[in-house]
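Those letters in the sequence shown? Residues -17 to -1, 1 to 80, by mature numbering (1 follows the signal peptide of the UniProt record, and there is no 0). Glycine included, C-beta positions come from ideal geometry on N, C-alpha and C.
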Amino acid sequence: MLLALLLHLLIFHLLTARDDPAPIADVPARKDTNFVVRHIDSCPSIGYYFKRETPPNSLGPGLCYLCFCQGDHTAICWKRENRRCDKLSFRHREIGS
């Protein structure tokens, strides 16, 4: 009985295993995966910034991102509504108030 259970677990593992699994450090610890990691040269002293990305030949203002600086010259950026793409619209605890 135990041997059959181990065999089923082994088969299940082989069927669900990926060819190239991502390292644990690269997998986000939370369910929110709608962010982009960007490399930056410097960061404002407040620890975050807004970034607009306007595609070539675009008529609109482009996409807005709210980016939070990390310690390793990267920033984690989330899309934000265009009408909320400024410091006045951002309120989070001590930041921006």
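### Message
If contacts are defined as beta-carbon pairs under 8 Å, then Gly43 and Glu36 qualify, I think. What distance do you get, rounded to the angstrom?
### Response
At roughly 11 Å, the Cβ-Cβ gap does not stay under 8 Å, so Gly43 and Glu36 are not in contact.
### Task
Starting from Leu49, follow the beta strand (DSSP E) in both directions and report where the run begins and ends.
Start and end: Leu46 to Cys52.
### Query
What whole-angstrom Cβ distance do Arg21 and Cys60 have, given they're in contact under 8 Å?
Indeed, because the Cβ distance is near 6 Å, the residues count as touching under 8 Å.
### Query
Cβ of Cys47 within 9 Å of Cβ of Asn65?
In terms of Cβ geometry, Cys47 and Asn65 form a close pair [threshold 9 Å].
### Query
From the DSSP output, which residues share a beta bridge with Ala58?
Paired residue(s): Arg21 and Cys52.
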